[in-house]
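All remarks here apply to the structure that follows.
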Amino acid sequence: MALTFTTALVTGGAGFIGSHLVDALLRSGCRVTVLDNLSSGHRANLDAVSGGIRFVRADIRDPGAVAAAVAGCEVIFHLAAVVSVPKTTEDPLGSAAVNETGSLLLFEAARAARVRRVVFASSSAVYGDEPTLPKREEMAPRPLSPYAVQKLAVEYYLQIYNDLFGLESVGLRFFNVFGPR
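Converting from the sequence shown to our numbering requires adding 702 to each position, the first position being numbered 1.
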């Protein structure tokens with residue numbers, strides 16, 4: 703795949719999706735920085751590429767670490783999150799601090815560093831239990847959990863950052879992701 707950028711940050715890059723993305727970016731010749739606190743991701747997921755990446759073990763809520771990780775990156779792939787519906791239900795405030803506030807800290811760092819684009823890992827959870835298939839972006843969101851609300855809120859924040867500051871973005875509403883790692 704021919705990329706239109708040469709440097710990228712992958713937040714949550716030690717997770718399942720993130721580590722596969724890191725592999726693909728490196729194969730395409732991209733220089734990659736990974737920001738991950740390893741709360742759910744595993745450093746071992748990056749063992750095969752550890753010499754080819756810059757790894758920053760830090761929390762998405764740490765403004766200094768986030769700014770340092772963002773510096774010099776053209777594109778951010780934002781996958782860092784509390785990804786468990788039960789965990790966000792048990793601790794809505796704590797998960798919002800990661801999923802929403804952490805995202806805003808990242809977007810502010812991106813704005814300051816003049817990052818061109820953010821690709822955000824959202825979720826099909828924003829659709830709720832709507833039975834209509836296939837799902838389409840124009841369908842009304844019906845979030846049923848704090849997790850879904852948080853993902854949807856970040857989508858809206860990205861739209862505002864695009865409208866106000868020109869930060870290009872896209873949200874990918876993943877459904878069930880599985881496979882080997």
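No residue lacks a Cβ here, since even glycine has one placed at the ideal position from N, Cα and C.
How is the beta strand (DSSP E) around residue i delimited, first residue to last?
{"i": "A690", "result": "A question about residue 690 goes unanswered here, because the residues of the chain that appear run from 703 up to 883."}
{"i": "V872", "result": "E870 to F876"}
Whole-angstrom Cβ separation of residue i and residue j, contact assumed at under 8 Å?
{"i": "V734", "j": "H780", "result": "Actually they are not in contact, since the Cβ atoms of V734 and H780 sit about 14 Å apart, beyond 8 Å."}
{"i": "A798", "j": "Q861", "result": "19 Å between Cβ atoms; not a contact."}
{"i": "L711", "j": "S730", "result": "L711 to S730, Cβ: 15 Å. No contact."}
{"i": "V817", "j": "L869", "result": "7 Å"}
{"i": "E810", "j": "T708", "result": "Contact doesn't hold; Cβ gap of about 23 Å is too wide."}
{"i": "L854", "j": "P843", "result": "5 Å"}
{"i": "D865", "j": "L846", "result": "Between L846 and D865 the Cβ distance is about 28 Å, and since that is not below 8 Å, they are no contact."}
{"i": "A815", "j": "V772", "result": "5 Å"}
{"i": "A770", "j": "V758", "result": "7 Å"}
{"i": "L806", "j": "I778", "result": "Not a contact, Cβ separation roughly 13 Å."}
{"i": "V828", "j": "A850", "result": "5 Å"}
{"i": "G754", "j": "L728", "result": "5 Å"}
Pull up the DSSP beta-bridge partners for residue i, would you.
{"i": "T712", "result": "The identity of residue 712 in the sequence shown is Val, whereas the question assumes Thr. Paired residues: V736 and F779."}
{"i": "V758", "result": "L737"}
Provide the residue span of the alpha helix (DSSP H) that contains residue i, from first to last.
{"i": "V655", "result": "No statement about residue 655 is possible, as the shown extent of the chain runs from 703 to 883 and does not include it."}
{"i": "R745", "result": "No alpha helix (DSSP H) contains R745, which DSSP labels as neither H nor E."}
{"i": "I719", "result": "F718 to R729"}
{"i": "G796", "result": "P794 to A798"}
{"i": "G766", "result": "P765 to V772"}
If we count Cβ pairs, one from each stretch, closer than 8 Å, do we get three or more for the stretch 802-809 versus the stretch 873-882? no
Quick check for students: name the residue ranges of the beta strand (DSSP E) that lie wholly in the stretch 805-860, counting only runs of 3 or more. 819-825
On the three-pair Cβ rule with 8 Å, is the stretch 788-797 touching the stretch 833-841? no
Counting Cβ pairs, one atom from each stretch, are 3 or more of them under 8 Å apart for the stretch 715-723 and the stretch 739-751? yes
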